[in-house]
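FYI, in our numbering the residues of the sequence shown are 3 to 394.
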Amino acid sequence: MTSETHREASPQGLASALVASGALSSDWLPSFHAVPRELFVPDRIWPGIADGTKQNAVVYRSKDPGAWQQAVYSDIPLTTQWDDGDHEGDGLGTTPSSSNSMPTMVVSMLQDLDVRPGDRVLEIGSGTGWNAGLLAHRLGNPNVVTVEYDPGVARGARENLHRAGLEPTVVEGDGRSGWAEGAPYDRIIATCSLLEIPLAWLEQSAPGGIIVAPFGTEYGGEQIVRLTVNEDGTSASGNCTGGSAFMRLRQQRTGRPLIDAYLHGTPWPADGEKSTTTLSPWDTGKWFQQFVIGLGVPRAFWRAERYEDGAYTLWLYSRDTLSWATADYERDRTDYEVVQSGPRRLWDEVEAAYRWWTDQGRPGHERFGLTVTPEGQTAWLDSPDNPVPQQS
3 MTSETHREAS
13 PQGLASALVA
23 SGALSSDWLP
33 SFHAVPRELF
43 VPDRIWPGIA
53 DGTKQNAVVY
63 RSKDPGAWQQ
73 AVYSDIPLTT
83 QWDDGDHEGD
93 GLGTTPSSSN
103 SMPTMVVSML
113 QDLDVRPGDR
123 VLEIGSGTGW
133 NAGLLAHRLG
143 NPNVVTVEYD
153 PGVARGAREN
163 LHRAGLEPTV
173 VEGDGRSGWA
183 EGAPYDRIIA
193 TCSLLEIPLA
203 WLEQSAPGGI
213 IVAPFGTEYG
223 GEQIVRLTVN
233 EDGTSASGNC
243 TGGSAFMRLR
253 QQRTGRPLID
263 AYLHGTPWPA
273 DGEKSTTTLS
283 PWDTGKWFQQ
293 FVIGLGVPRA
303 FWRAERYEDG
313 AYTLWLYSRD
323 TLSWATADYE
333 RDRTDYEVVQ
343 SGPRRLWDEV
353 EAAYRWWTDQ
363 GRPGHERFGL
373 TVTPEGQTAW
383 LDSPDNPVPQ
393 QS
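Take a look at the structure:
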């Protein structure tokens with residue numbers, strides 16, 4: 003998902019780099035040229051980095067047009083809102099809550115969508131409106147509906163689209179409900195991360211419709227899934243197509259209690275039981291490994307307490323606040339101290355999920371998939387008949 007920052011800060015320079023990398027195909031190139039990214043980027047932005055989720059210092063078009071142009075036509079995400087709009091000032095906020103997505107990810111997901119002439123498309127998460135603009139240019143305004151929860155963000159997207167000469171339907175609402183008034187849709191695309199694929203999207207899909215969405219685990223990690231909806235709209239299934247790092251759908255954010263909810267004021271190690279492991283906490287921390295662990299270890303999350311020389315303590319927590327664990331990482335060690343407390347042995351679960359992945363030959367994203375039914379959703383390896391084992 004990474005790409006170089008482009009030397010030529012222009013639509014042509016970015017397009018050429020995306021074509022050369024294979025991300026941008028010839029069928030999307032006319033829309034990419036006709037719907038320039040700059041029309042969908044506000045005056046104030048926080049440029050991101052290509053291979054991570056961090057942001058750089060604020061850039062204003064009105065104050066530094068060259069830096070703004072360089073950011074807009076680089077293959078990086080651009081944060082446009084922090085903390086659901088509550089953040090004030092030009093510093094970094096706590097949590098990015100709206101953005102103009104990384105161009106490589108935008109065009110890759112559009113290619114996963116595999117639209118055909120006349121297709122009706124529902125987008126969840128309008129953001130600045132650029133993705134909806136590309137779809138509207140390709141398919142025509144009447145065939146595109148985009149849903150945005152934040153009224154201010156929706157208003158901005160509508161204004162940006164109008165300035166670009168495009169008028170898809172922009173709906174303010176809860177994206178989990180889709181927009182039944184425009185159904186059925188041949189394609190549904192989400193530009194926000196999901197823990198659960200809403201059944202309403204299946205119900206509003208045409209038979210054989212495609213859903214492309216970032217699917218993440220509560221533990222961490224995220225992949226794009228491409229699901230095909232069955233003939234009666236009661237289930238959908240498909241493989242992962244690649245990694246992603248989108249902002250979570252607001253209604254699916256989960257609470258992450260602080261440490262006092264677990265230790266209740268008692269100094270660590272409290273009542274925890276000590277042991278050691280030969281699995282390095284470092285090996286469990288990469289983005290894809292987090293995704294795999296998260297598939298097998300539900301309702302859990304982690305934080306890291308960092309020290310000098312790269313050492314840190316990995317803290318694991320169950321969402322119900324009944325269980326916690328720590329694993330200490332130091333360089334050049336071959337065994338690591340673990341402390342666990344509560345009915346769930348969280349480090350044991352994490353280790354079991356990781357060992358399962360290594361026992362399967364360390365499969366990549368293309369071998370994982372997801373099936374969604376009214377009874378729930380199931381992640382699998384190679385086939386829906388081979389579900390990822392749950393460790394809890």
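In this text, a Cβ means the ideal position worked out from N, Cα and C, and glycines have one as well.
Thinking just about the alpha-carbon of each residue, which of the options is nearest to the one in residue i?
{"i": "P170", "options": "L196, D176, V123 and S394", "result": "V123"}
{"i": "T328", "options": "R347, D322 and R335", "result": "R347"}
{"i": "R228", "options": "V109, L115, A134 and E174", "result": "L115"}
{"i": "N95", "options": "N58, W359 and S320", "result": "Before going further, note that residue 95 is Gly rather than Asn in the sequence given. Measuring from the Cα of G95, the nearest candidate turns out to be N58."}
{"i": "G180", "options": "P376, G127 and P365", "result": "G127"}
{"i": "G87", "options": "Q362, Q379, P216 and V155", "result": "V155"}
{"i": "L201", "options": "E220, N232 and Q225", "result": "N232"}
{"i": "N143", "options": "Y221, H164, E198 and W203", "result": "H164"}
{"i": "H266", "options": "A354, N388, S343 and W70", "result": "S343"}
{"i": "W317", "options": "G287, D29 and V374", "result": "G287"}
{"i": "Y187", "options": "E90, T230 and T193", "result": "T230"}
{"i": "P105", "options": "E198, G211, S27 and T97", "result": "S27"}
{"i": "E310", "options": "W326, R333 and Q291", "result": "R333"}
{"i": "S33", "options": "L168, D121 and A11", "result": "L168"}
{"i": "P271", "options": "C194, E90 and W326", "result": "W326"}
{"i": "G371", "options": "G312, L383, P49 and P79", "result": "L383"}
{"i": "R250", "options": "I199, L260, A208 and E275", "result": "I199"}
{"i": "D234", "options": "E220, R252 and G211", "result": "G211"}
{"i": "T193", "options": "W358, A185 and G218", "result": "G218"}
{"i": "A238", "options": "V60, G378 and R63", "result": "G378"}
{"i": "T97", "options": "P38, W48 and W359", "result": "W48"}
{"i": "P216", "options": "T81, S246, L31 and I261", "result": "S246"}
{"i": "R258", "options": "A208, R321, G240 and T315", "result": "R321"}
{"i": "I51", "options": "S12, Y62, V294 and Q72", "result": "Q72"}
{"i": "K65", "options": "R364, W358, Q392 and R46", "result": "R46"}
{"i": "T256", "options": "R369, P153, S277 and E220", "result": "E220"}
{"i": "N388", "options": "R369, H89, P376 and T375", "result": "R369"}
{"i": "Y356", "options": "G244, G120 and Q392", "result": "Q392"}
Per DSSP, which residues does residue i bridge with? Please list them.
{"i": "K276", "result": "V341"}
{"i": "I78", "result": "According to DSSP, I78 bridges with nothing at all."}
{"i": "W382", "result": "G371 and P389"}
{"i": "P44", "result": "DSSP, once it has assigned bridges, lists no residue as partnering P44."}
{"i": "E307", "result": "T315"}
{"i": "I51", "result": "Paired residues: none, contrary to the question."}
{"i": "G218", "result": "E224"}
{"i": "R258", "result": "Looking at the DSSP assignment, R258 forms no beta bridge with any residue, so it has no partner."}
At what residues does the beta strand (DSSP E) containing residue i begin and finish?
{"i": "D330", "result": "W326 to Y331"}
{"i": "W358", "result": "Here W358 belongs to no beta strand (DSSP E); instead the alpha helix (DSSP H) covers L348 to D361."}
{"i": "E224", "result": "E224 to V231"}
{"i": "P98", "result": "P98 to N102"}
{"i": "T243", "result": "A238 to G245"}
{"i": "E125", "result": "V123 to I126"}
{"i": "V147", "result": "V146 to E150"}
Hey, quick one: how far does the alpha helix (DSSP H) through residue i stretch, first residue to last?
{"i": "V294", "result": "W289 to G298"}
{"i": "D66", "result": "Taken as a continuous stretch (DSSP letters only), D66 belongs to no alpha helix (DSSP H), as it is neither H nor E."}
{"i": "E161", "result": "P153 to R165"}
{"i": "V109", "result": "P105 to L115"}
{"i": "R140", "result": "W132 to L141"}
{"i": "L265", "result": "D262 to L265"}
If residue i and residue j are in contact, beta carbons under 8 Å, what's the gap, nearest whole angstrom?
{"i": "L16", "j": "D77", "result": "7 Å"}
{"i": "A166", "j": "L41", "result": "5 Å"}
{"i": "R160", "j": "V172", "result": "5 Å"}
{"i": "L297", "j": "V390", "result": "4 Å"}
{"i": "S1", "j": "G129", "result": "Not covered by the structure: residue 1. The range shown for the chain is 3 to 394."}
{"i": "Q254", "j": "L204", "result": "The Cβ separation is near 16 Å, so there is no contact."}
{"i": "V117", "j": "L20", "result": "The pair is not a contact, with the Cβ atoms about 18 Å apart (cut-off 8 Å)."}
{"i": "G274", "j": "V341", "result": "4 Å"}
{"i": "Y290", "j": "G223", "result": "Checking the sequence shown, residue 290 turns out to be Phe, not Tyr. Indeed they touch by this definition, with Cβ atoms about 6 Å apart."}
{"i": "Q225", "j": "H367", "result": "5 Å"}
{"i": "T81", "j": "P44", "result": "No, T81 and P44 are not in contact; Cβ-Cβ is about 11 Å, not under 8 Å."}
Handout entry: Whole alpha helix (DSSP H) elements within the region 170-216, 4-residue minimum
Key = Counting only runs of 4 or more, we get 201-205.
Practice task
Give, in chain order, every unbroken run of the alpha helix (DSSP H) that is at least 4 residues long and sits entirely within the region 6-40.
Solution key: If we require 4 residues or more, the alpha helix (DSSP H) runs fully inside the region 6-40 come out as 13-23 and 31-36.
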